[in-house]
Amino acid sequence: MAFFSKQPAEPIPDVETKVWACTSDGCSCWMRADYSLQKEPQCPICKSAMNEEVRMLPELKS
1 MAFFSKQPAE PIPDVETKVW ACTSDGCSCW MRADYSLQKE PQCPICKSAM
51 NEEVRMLPEL KS
């Protein structure tokens, strides 16, 4: 019989990340600025304008 020990995963640190956030009050859509294909994107959900902001998000490793 074999036993395997699952090592606890290291916590992913949160970093300040630039995001685009929808300006519509009824929409909570946002996207990371690094993954936006447009210089000033529209909201993909409601087609409203988006503002750039900074949020604390888990770091993505590439």
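Counting in this note's numbering, the sequence shown runs from 1 upward without gaps. Note that the Cβ used here is the ideal one computed from N, Cα and C, for glycine as well. Computed from a predicted structure; not experimentally measured.
When rounded, the separation of the alpha-carbon atoms in Lys18 and Leu57 is 9 Å.
If you look at Glu59, you'll find it isn't in any beta strand (DSSP E); DSSP assigns it neither H nor E. Approximately 5 Å separates the beta-carbon atoms of Cys46 and Ser24; this is inside 8 Å, confirming the contact. Secondary structure of Asp34 (DSSP, three-state): helix. Residue state for Gln42 is assigned as strand, using DSSP reduced to three classes.
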